[in-house]
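So the structure is just underneath, and the comments pick up after that.
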Amino acid sequence: MSDLLLKTAVAAKVRVSGWTNTTARAVRRRATGDRGQTAVEYLGIIAVVVAIVVLIANTNLGQTIVDKLRAQIAKVAP
Numbered sequence: 002m003s004d005l006l007l008k009t010a011v012a013a014k015v016r017v018s019g020w021t022n023t024t025a026r027a028v029r030r031r032a033t034g035d036r037g038q039t040a041v042e043y044l045g046i047i048a049v050v051v052a053i054v055v056l057i058a059n060t061n062l063g064q065t066i067v068d069k070l071r072a073q074i075a076k077v078a079p
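Using our numbering, read the sequence shown as starting at 2 and increasing by one per residue.
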């Protein structure tokens with residue numbers, strides 16, 4: 002094997018293993034850094050649910066939904 006080919010092969014192997022180690026390290030760091038939802042995300046979800054419930058309770062939309070459900074139930078079980 003020529004010296005040039007050997008040097009090129011070694012250099013490529015070093016670069017690939019360096020890239021692999023860097024990538025594996027980044028994946029490990031990302032996996033350990035993410036631990037699920039935070040309290041802020043839960044509060045945001047709760048705020049959206051409360052807003053939807055208030056909207057349905059304080060408008061005609063809630064009564065419309067109830068009326069439509071009752072009509073469909075009456076069709077099935079007269």
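Cβ coordinates follow ideal geometry from the N, Cα and C atoms, glycine included.
Nearest-angstrom Cα separation, counted from residue j out to residue i
i	j	result
Arg-71	Val-77	10 Å
Ala-58	Ala-52	10 Å
Asp-4	Arg-29	37 Å
Gln-64	Val-41	32 Å
Ser-18	Ala-12	10 Å
Tyr-43	Asn-61	29 Å
Val-49	Thr-9	59 Å
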